Amino acid sequence: MNRFKIHPIVMGTKIFDKTMMTYQHGYGQQYTIPIYCWYLEGGSARILVDTGEMRPIQSESREAAVGGKIYTFEEGLGRWGLKPEDIDIVIHTHLHNDHCENDYKCTNAAIYVHEKELKNIHNPHPLDFRYLEDFILDVEESGQLRPVSGDREIVPGIQVVHTPAHTSGGLSVAVDTAEGTAVITGFCVIEENFSPPPEIRGMEMDVIPPGTHVNAYEAYDILVKVKEMADVLIPLHEPRFAGVDTIG
71 MNRFKIHPIV MGTKIFDKTM MTYQHGYGQQ YTIPIYCWYL EGGSARILVD
121 TGEMRPIQSE SREAAVGGKI YTFEEGLGRW GLKPEDIDIV IHTHLHNDHC
171 ENDYKCTNAA IYVHEKELKN IHNPHPLDFR YLEDFILDVE ESGQLRPVSG
221 DREIVPGIQV VHTPAHTSGG LSVAVDTAEG TAVITGFCVI EENFSPPPEI
271 RGMEMDVIPP GTHVNAYEAY DILVKVKEMA DVLIPLHEPR FAGVDTIG
């Protein structure tokens, strides 16, 4: 069985009201999230989860806010001796623009994405402005996309699980590591979503749904499911991983 190491690479940031992460909690609090690309080291294939922003804002203030250095795609991969054309597989949690802007640079990669995300990016609902099909057209035309319809193994030691909490085609990525099953969430959350403060637990809530979601009730249940299945939980935008080289 393959055992993987997960390398978080910060490839962008966003600053917004905290409720974009924590549903109905944190109104009026400015919050900065890191946007990650995750390099899964292990086995014969070179695998990324998401590809981040094309032109990230690299500033001292934003790096201080997330607690780690912000890289361009080439810089981030270079830390691990890689170039974009070296990537064999890209797995997408979803296709909001900040998760797929560098896909076109991965010219040799098979790109796994839920089929509902492909439908969404070509015909987004007016409420969801984060889908921008320009970022997927090149890899679609080149035949690199590998649509996924449900839970499946990508390679031995890496599974995707359909978790439509933030978007209808969200895929969480379960990775076998030396520390057990690590799950990179297929929805945009931080650690507080899984470990709510006392005032939220006092309302008998074990998790907080994502601030943007398909259905708040279903999102709540999906977070509970993911929390139970993970030995190592990796919320997709949790800042504490920005200063970490390796998980697992």
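First residue of the sequence shown? That's 71 in my numbering, and the numbers climb one at a time after it. All C-beta atoms, glycine included, are put in the ideal place defined by N, C-alpha and C. Quick caveat, the model's predicted, so the values are computed rather than measured.
Taking the DSSP output, what are the residues bridged to residue i?
| i | result |
| --- | --- |
| CYS176 | CYS176 is not bridged to any residue. |
| TYR182 | ILE161 and ARG216 |
| GLU111 | LYS75 |
| PHE86 | TYR101 |
| SER242 | VAL231 |
| LEU118 | TYR109 and VAL160 |
Should residue i be labelled buried (16 or more other beta-carbon atoms within 10 Å of its own) or exposed?
| i | result |
| --- | --- |
| GLU155 | exposed |
| LEU188 | buried |
| LEU303 | buried |
| PHE86 | exposed |
| TYR97 | exposed |
| HIS164 | buried |
| ASN285 | exposed |
| GLU298 | exposed |
| PRO196 | exposed |
Taking the Cβ atom as the reference point for each residue, do residue i and residue j lie within a distance shorter than 8 angstroms?
| i | j | result |
| --- | --- | --- |
| ILE296 | ASP276 | Contrary to the premise, residue 296 reads as Val rather than Ile in this sequence. No. |
| GLY82 | GLY122 | yes |
| ILE278 | HIS95 | yes |
| CYS170 | ASP120 | yes |
| THR89 | GLY272 | no |
| ARG312 | GLY113 | A quick correction: the sequence has Ala, not Arg, at residue 312. Against a cut-off of 8 angstroms, the Cβ pair of GLY113 and ALA312 comes out as no contact. |
| ALA115 | ILE159 | yes |
| VAL80 | ILE140 | yes |
Going by C-alpha distance, which of the options is nearest residue i?
| i | options | result |
| --- | --- | --- |
| GLU144 | ASN285, LEU207, GLN100 and ARG125 | ARG125 |
| SER129 | LYS84, GLN94, VAL160 and ALA115 | LYS84 |
| VAL183 | GLY239, ILE260 and ASN193 | GLY239 |
| ALA179 | VAL253, LYS186 and HIS162 | HIS162 |
| THR237 | GLY318, PRO78 and TYR201 | TYR201 |
Do you know offhand how far residue i's Cα is from residue j's?
| i | j | result |
| --- | --- | --- |
| THR251 | SER212 | 33 angstroms |
| VAL136 | ILE191 | 28 angstroms |
| GLN229 | PRO217 | 14 angstroms |
| ASP314 | GLU288 | For clarity, residue 314 is Val in the given sequence; the question names Asp instead. For VAL314 and GLU288, the distance between alpha carbons rounds to 31 angstroms. |
| TYR101 | ILE127 | 16 angstroms |
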